[in-house]
Every structure is written in structure tokens, then in C-alpha cells.
Amino acid sequence: MSAILSSSTLISLVFLCVFVNAQITVVVNETASHAIPSTLWGQMFESGDGGLYAELLQNRAFQMVDVSNQTTALSAWHSVNGAQLTVIEETVPVSSALPNALSVAIPSGSSGQLGIGNEGYFGIKVNSSNTYNASFFYRFPTASSFNGIATVGLQTSTGQVLGASNVTLNGSQTSWLQVFTTIQPTISPASLTNNFTVTVDGETLAGQTINFAIPNGMRIDIAETLSAMAPSFFRLPGGNNLGQTVATRWQWNNTVGPLVERPGRIGDWGYVNTDGLGIFEFLTWCEDLNMQAIMAVWSGFALGGTSIAEDDLGPYIQQAIDQVNFAVGDPTQSDAAALRASLGHPDPFPVAHVEIGNEDFFAADTYTYRWNQFSTALQAAFPNLSFLATSDTFNPVLTPNPAEWDIHVYQTPSWFAENSFIYDGFQRNGTHYFEVGFSRKMCGVSISTNADDIFGTPADGRLTFPTMQSSTGEAAFMIGLERNSDIVFAASYAPLLNHVVDSHSGNVYPSTSYYVQQLFSLNRGDEYLPSTLPDASGTTFWSVVVNTVGTASNVTFQLPFPVEDSATVQLLIGAETDSNTPNAPNTVSPQTSTITVDQTFAYNAPGFSVSALTLTTA
């Protein structure tokens, strides 16, 4: 068993305790064996708009809808007081990317306020301390003498107005005009069942029709929660976000520019991605949080099973080159880079690693030629970047030999706890690894307690939310990643915005696994100091004492240098099955305390706990 000491002005101790009623002594070496990469702990976005995108309106632009099925086409929309709503394929669309619009007919004889409402993504949280920006396009198919007011507002499901503003509509406006306004609510309702509405006076518009087309940023509470993890990188545009079909693949050039120029797509999990959160927004997010971007390019394979033939890869390779140029290219040498500059960012974004595909072990037989062509062309175009392969490591054999691999693991909490040493046996031959996952759900996470049915249902052991059992198993595995950070340059949990950080329209719920990731990221070291334990059968961790069993263990530390007599302990502790859920969001959260220490000192690690010990050298 080994442990590590991460050194800097403040030093952090971490190791895993798996022994019941065991007395363990940790002897720390004074000499560092290797530097710990600054990119070690980061985040991976999984798929689509997700909760991270700040858009409040669901089905805002009627993207990818079938107008012959009005029930589906009008998803999330409803009539206010009898207005007649129809999603139409516009004869004069607001843009070629957005061919559909909402036709609103005001019946003859109407009176009062009529119009449209949108329920948001399972509700809209309204807070009187926030200002809400609203925008829509409108036009009258037939010119009229109308010149009046439309009320743009937020209201409860019972019609109580929470905030509203007025805009002027002109009946002579037969071409599309974009209207902007802001809403300042005066009430913060407890309920989330609120609606965005646009209404007009029914009497003055009776018998007339108006067409609407509803056109950025990150959702603040989720963005702040992710920022609090102190990530050093962000993997984009997502894992399984690259396409179920060739036609519906993620294409960088369809995600830049004005929102009305972004057609959207059916995402890999079956729902519409607006692509309002596009490559420029992702890269700006990385820059704002001082993160490196690990960016994936589409590699000629769609998840539905289609691989592009070897002789037909040329256009797709060029699109990948253009994508990388958009991120890092010279605006004087590349049209894609010039586009970036035209958006106000002439300097390159922080991209050093590019993944060629995602989980290409699904099509390993074609990845041999796809990797060869993509990596050869990309490396020639960008000799200063590193490129990651995404098939199983060394199977099949790839040419040229990848210098970096993206590894995904799907397993149980016990597997992760027992395999903290898995990278110890990897050759030190210049190859480096990006470990995605850990132990809960998708992409290398401990998704189940049942090793015989990893992808089964909750009744078969599938974990609905991270538990203290799964999170301590993840922590054990992370210790091994840091111990082997001479070859593991990056690691992240996925999916990020499912249950590592859960959310709905009202709140954000950091999970037990979130707090484990945060403890490791906030307690980073610059160097790895080897340490030894009396038994090699356990699992070891970084910057935290991890106990993956229910019984406390006593640990004695023997340090090669004197320390101050007080140390800080950040402790995450709970019962084996404890989870943070929407109904119980604060079941487990870190607690901070101090303990007395010396050059030799004892620490009692509670059962199912992760403890980050921070000591100051004397």
C-alpha cells in the first residue's frame, strides 16, 4: 500500500484506508518522484445544451419539429385566452437555419389579453433580484393599420403577473423585426410552475395573425457550482455529442454566429440541441475559468453504426482542421480563425489537446484508417498540439502510434477501490492518458453495485445517484491517478450535469461525488512525494484519507520534516447508501475542523469518509 504527499507551501496528505480495525503507519519520503500536471482534475461535458445553457424557453425556435404533428411541434407552448397557435413552415423564414415560426391568430370577437405562453424546461424559476432579457422576431403576414402594445412578461400558472414590460408592434411590419426588452420581476414565487408570455389586446387585433420566431450564456447557479470545483480543463463539445448519424453530427460551424443562423440538431440522446451553447461559448467559458480546453473532433463514425469509407474522409478531415483553426489558428492564414477574430477574439483559445473521435472502440475496425488519416493531417497542420486516440488502448494497433489516449471505465464502487494500482503497471514510454469517469453513471463511472449487470436497472443495482460507497470508491481510484500522474495527465467524472451536479429549473444539487472531485481539485500539490504502507493490498489516494468501509481505521503518519502543530481537515462522511438528491440535497456535505499534529501523528479515519488533511511546514 502506498500513499502520496503533494508538496507546495501547503502540503496535502492523501491515502486510502480499507482495513477494518487496522493500525496503519504511513512513512513519507522527502524527495519528490515527479511533478503533478496542472491539468490533472477537470470536467467533461457529456451531451447537448444540458442545464448549463441559460436559455429559459423550451422549444424556443421550433427547431427540428415536424409541422404536420402540431402536438409535438407546439411542445412547451400554449395559448393564452384563446389565441389560435400553429407552428408553420414559413414562406419567408427568419433565416435559412430556422425555417419554422409560430403563427398566432386572434379570433374575431376577441377581447382582453390574448397570446402565447411557454412553460420553460419543466418550469421557470423567477427571482425578483434578477433581470430577465427577452427577445423575439415578429412579422404580420398581411399588412394592417394596427399599431399597439404587446406585453412581454412572466406569470404564474394561475395568471398572477410576476413582472412585465411593453413593446410596440406595428401592423405594417411584414418583414421580420427583432424586438428586445427586459423584465424585472417584483415577486419571487416559491413555485416553479411559471410561464413566459407575450400577449396583445384581443379587441384591437381581432381577426388578425402575427408570426413569431423566438431567438446567450451560462446558467449562473450551475456555472458557479462548476467553477467552485476549481477545474483545470473542460472537455468539449461533449462525449456522446458527436452524432447518431452523419447528417446529425455536431458540426462546429453550425454552432457559431447569431442564434438565428444556428439550425440545431437532434442530439445523441434524442432531444433537440439548440446549439445556442456553441463552440465559441464553450471556449470562452474555458478562458473565463482559466481552464484548458480538451476539444474533440468528429472522426468519421456515427453512433448509429455508420463509418465513413476510407476514400471519402477528405471533407470531414478538412472540417476538423477548420474546427481546430477556429480555436487556435492564425486569422491571417485561416478563414475559420478569421471568423473567431471577427467575433472579438483574435488571440487563440487555450487548447493544447485534441481528441480524434469519442469511444471509437465501438468501431475499432474502421478506427485504424480513420485515426491514421485524421491524426496525420491534424498533426501536420498543428505540430504543437497533442492528439488523443479514443479506441481501447493499444487494441487495435494504431499508426502513427498515439502519444495520448482517452480511457473510459464503467464499473462498480468496489472495482474502483480495488484498482487504485491499475496504472502502476503501465509502461513509462512517453504515452500519456486521460481518464474519464469514476464510479456512477456513464463514461467510466461506478454505475452499479452489480458487477454482473453494470448497465441494468436500479432494481438490479444501478445507482440512481452517487452514494458514499461509490464516492469513496472513486476517491480511492483518484489516489492512484495522482500517484501515477507522471503518465495520467488529466481525469474527469462524467456525465458532469446528470448527477455529479444535478439540477432542475429551480435549484442545483451537488452530489457526494461532486464534493470528492472538489476536495481533490482544491487540495492540489505540485509534486508527488512517495510514501509507503506496510501492506500492498489496499487502495491509496491523493490529498485525502479515504475509507471505503464502514469501520473506522487508525492511521499513523511519519513525516520527514517538522510541521505546525495544527492541521485542517475537510471531511466528507456519511452512511454507505447516503446520497444528495432533489428531495434531500444536503444529506452529505464537507465539514471543516482542525486537529493537533506533529512530525509523527495519528489520524482516525471514520467509516465511508474522505478526509483532506492540510499541514503547514514549520
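Our numbering applies: residue 562 is where the sequence shown begins, and numbers increase by one.
No residue lacks a Cβ here, since even glycine has one placed at the ideal position from N, Cα and C.
Inset, instruction - Determine the burial state of Trp813: buried for a count of at least 16 other Cβ atoms within 10 Å of its Cβ, exposed for fewer. - result: Along the sequence shown, read from residue 1 onward, the residue named residue 813 stands at position 252. When all chains shown are included, Trp813 counts as buried.
Legend entry - Val1107 versus Pro1056 - alpha carbon distance: Within the sequence shown, residue 1107 is the residue found at index 546, counting from 1. Within the sequence shown, residue 1056 is the residue found at index 495, counting from 1. Their Cα atoms are separated by approximately 23 Å.
Legend entry - First through last residue of the alpha helix (DSSP H) which encompasses Ala711: The count along the sequence shown starts at 1 and reaches residue 711 at position 150. Careful: Ala711 lies outside any alpha helix (DSSP H), inside the beta strand (DSSP E) at Asn708 to Thr717.
Inset, instruction - Could you say which of Thr929, Glu996 and Pro1151 lies nearest to Ser868 if we only look at CA atoms? - result: Along the sequence shown, one-based indexing puts residue 868 at 307. When each option's Cα is compared against that of Ser868, the closest is Thr929.
Legend entry - Closest by C-alpha distance to Ser1150, when choosing among Tyr1054, Ile1048 and Ser1032: For the purposes of this step, residue 1150 is taken as residue 589 along the sequence shown, with counting starting at 1. It is Ser1032 whose Cα lies nearest to the Cα of Ser1150.
Legend entry - Inter-stretch contact at 8 Å, needing at least 3 Cβ pairs: the region 1031-1047 / the region 594-601: yes
Legend entry - Where Asp985 sits in the DSSP three-state scheme: The residue you call residue 985 lines up with position 424 of the sequence shown. Here Asp985 sits in helix by DSSP.
Inset, instruction - Say whether the region 670-683 touches the region 749-761, bearing in mind that this needs 3 or more beta-carbon pairs closer than 8 Å, one atom from each stretch. - result: yes
Legend entry - Neighbour-count burial assignment, Thr1157, 16 or more Cβ in a 10 Å radius: For the purposes of this step, residue 1157 is identified with residue 596 of the sequence shown, where counting begins at 1. Thr1157 comes out exposed.
Inset, instruction - For Arg989, count neighbouring C-beta atoms within 10 Å of its own C-beta (all shown protein chains included) and say buried if the count is 16 or more, exposed if not. - result: The sequence position of residue 989 within the sequence shown is 428, counting from 1. Result: exposed.
Legend entry - Cβ-based neighbour list, Ala791, same chain, cut-off 6 Å, excluding 5 preceding and 5 following: Stepping through the sequence shown from its first residue, residue 791 is reached at position 230. Closer than 6 Å at the Cβ level, and outside the excluded window around Ala791, lie Ser1082 and Leu1083.
Legend entry - For Val1110 and Gly1099, the rounded distance between their alpha carbons: Position 538 of the sequence shown holds residue 1099. Position 549 of the sequence shown holds residue 1110. Any reading at Gly1099 must be qualified, since the residue scores a pLDDT of 30, below 50, and its modelled position is unreliable; no value is offered.
Legend entry - Beta-carbon proximity list for Ser569, same chain, < 7 Å, skipping 5 on both sides: Here residue 569 refers to the residue found at position 8 of the sequence shown. In this prediction, Ser569 scores a pLDDT of 32, lower than 50, which makes its location untrustworthy; the coordinate-derived value is nonetheless stated afterwards. Within the same chain, Ser569 has close Cβ partners Gly1086 and Asp1087.
Inset, instruction - Measure the C-alpha to C-alpha separation of Ala950 and Asp849 and round it to an integer number of angstroms. - result: The residue given as residue 950 occupies position 389 in the sequence shown. The residue given as residue 849 occupies position 288 in the sequence shown. Cα to Cα, Ala950 sits roughly 28 Å from Asp849.
Inset, instruction - Classify Ile710 as buried or exposed, calling it buried when 16 or more other Cβ atoms lie within 10 Å of its own Cβ. - result: One-based indexing of the sequence shown puts residue 710 at position 149. Result: exposed.
Legend entry - Alpha-carbon spacing of Thr719 relative to Asn1068, whole angstroms: Taking the first residue of the sequence shown as position 1, residue 719 is located at position 158. Taking the first residue of the sequence shown as position 1, residue 1068 is located at position 507. Answer to the nearest angstrom: the Cα atoms are 22 Å apart.
Inset, instruction - Measure the beta-carbon distance from Val589 to Leu1090 and round it to whole angstroms, keeping in mind my assumption that it falls under 8 Å. - result: As a working note, residue 589 is residue 28 in the sequence shown. As a working note, residue 1090 is residue 529 in the sequence shown. That pair is a contact at about 6 Å.
Inset, instruction - Please work out which residues of its chain come closer than 7 Å, Cβ to Cβ, to Asn582, disregarding the five sequence neighbours upstream and downstream, and give them in chain order. - result: One-based indexing of the sequence shown puts residue 582 at position 21. Low per-residue confidence applies at Asn582: pLDDT is 44, beneath 50, and the placement is therefore not dependable, though the value from the model is reported in the following sentence. Thr1112, listed in sequence order.
Inset, instruction - Please check the pair Pro911 and Ala857, which I expect to be a contact at CB under 8 Å, by giving their CB distance rounded to whole angstroms. - result: Here residue 911 refers to the residue found at position 350 when the sequence shown is read from its first residue. Here residue 857 refers to the residue found at position 296 when the sequence shown is read from its first residue. Not a contact, Cβ separation roughly 16 Å.
Inset, instruction - Could you say which of Asp1159, Ser1066 and Met1039 lies nearest to Ala1128 if we only look at CA atoms? - result: Your numbering for residue 1128 matches position 567 in the sequence shown. Nearest C-alpha to Ala1128: Asp1159.
Inset, instruction - Count the other C-beta atoms from every protein chain shown that fall within 10 angstroms of the C-beta of His914, then say buried if there are 16 or more, exposed otherwise. - result: Here the question's residue 914 lines up with position 353 in the sequence shown. So His914 counts as buried.
Inset, instruction - Report the rounded CA-to-CA distance for Asn802 versus Asn1165, giving the unit in angstroms. - result: On the sequence shown, residue 802 is found 241 positions in, with the first residue counted as 1. On the sequence shown, residue 1165 is found 604 positions in, with the first residue counted as 1. Using only the alpha carbons, I get a separation of about 44 Å.
Inset, instruction - Flag this pair as yes or no: are the beta carbons of Gly670 and Ala774 separated by less than 9 Å? - result: By one-based count along the sequence shown, residue 670 stands at place 109. By one-based count along the sequence shown, residue 774 stands at place 213. Result no, Cβ atoms of Gly670 and Ala774 do not sit closer than 9 Å.
Inset, instruction - Just the C-alpha distance for Asp543 and Ala898, rounded to the nearest angstrom, thanks. - result: Nothing can be reported for residue 543: it is not among the residues displayed for the chain, which extend from 562 to 1179.
Inset, instruction - Count the C-beta pairs between the region 878-889 and the region 837-844 that are closer than 8 Å, then say yes if the count reaches three, no if not. - result: yes
Legend entry - Helix, strand or coil at Asp1087 according to DSSP, with G and I counted as helix: On the sequence shown, position 526 is the one that residue 1087 refers to. In this structure, Asp1087 counts as coil in the three-state DSSP scheme.
Legend entry - With 16 other Cβ atoms within 10 Å as the buried cut-off, status of Ala1051: The residue labelled residue 1051 in the question sits at position 490 within the sequence shown. Buried, by the Cβ-count rule.
Inset, instruction - Quick one: measure Cβ to Cβ for Ala695 and Thr735, integer angstroms, because I've assumed they're closer than 8 Å. - result: By one-based count along the sequence shown, residue 695 stands at place 134. By one-based count along the sequence shown, residue 735 stands at place 174. No, Ala695 and Thr735 are not in contact; Cβ-Cβ is about 23 Å, not under 8 Å.
Inset, instruction - Measure the Cβ-Cβ separation of Leu613 and Ala784 and say whether it is below 9 Å. - result: The residue you call residue 613 lines up with position 52 of the sequence shown. The residue you call residue 784 lines up with position 223 of the sequence shown. Closer than 9 Å, so yes.
Inset, instruction - Determine the direct distance from the alpha carbon of Thr816 to that of Asp908, and round the result to whole angstroms. - result: Here the question's residue 908 lines up with position 347 in the sequence shown. Here the question's residue 816 lines up with position 255 in the sequence shown. Their backbone Cα atoms lie some 19 Å apart in a straight line.
Legend entry - First and last residue of the uninterrupted beta strand (DSSP E) at Arg700: Residue 700 sits at position 139 when you count from the first residue of the sequence shown. Residues Tyr693 to Arg700.
Inset, instruction - Measure the C-alpha to C-alpha separation of Met1029 and Asn756 and round it to an integer number of angstroms. - result: Within the sequence shown, the letter at position 468 stands for residue 1029. Within the sequence shown, the letter at position 195 stands for residue 756. Taking the straight line joining both Cα atoms gives about 38 Å.
Legend entry - Contact under 9 Å by Cβ, Phe862 with Asp921: The residue labelled residue 862 in the question sits at position 301 within the sequence shown. The residue labelled residue 921 in the question sits at position 360 within the sequence shown. Their beta carbons are under 9 Å apart, which means Phe862 touches Asp921 by this criterion.
Legend entry - Residues near Thr633 in its chain [Cβ-Cβ closer than 8 Å; skip 5 each side]: The count along the sequence shown starts at 1 and reaches residue 633 at position 72. Only Val626 and Asp627 meet the Cβ criterion.
Legend entry - Within 9 Å, strictly: CB atoms of Ala925 and Ser952: Along the sequence shown, one-based indexing puts residue 925 at 364. Along the sequence shown, one-based indexing puts residue 952 at 391. Cβ atoms of Ala925 and Ser952: closer than 9 Å.
Legend entry - Residue nearest to Val829 in terms of C-alpha spacing, selected from Ser689, Phe1169, Gly800 and Val821: Residue numbering aside, residue 829 sits at position 268 when the sequence shown is read from its first letter. A small fix is needed here, since residue 829 is Asp in this sequence, not Val. Nearest option by C-alpha distance: Gly800.
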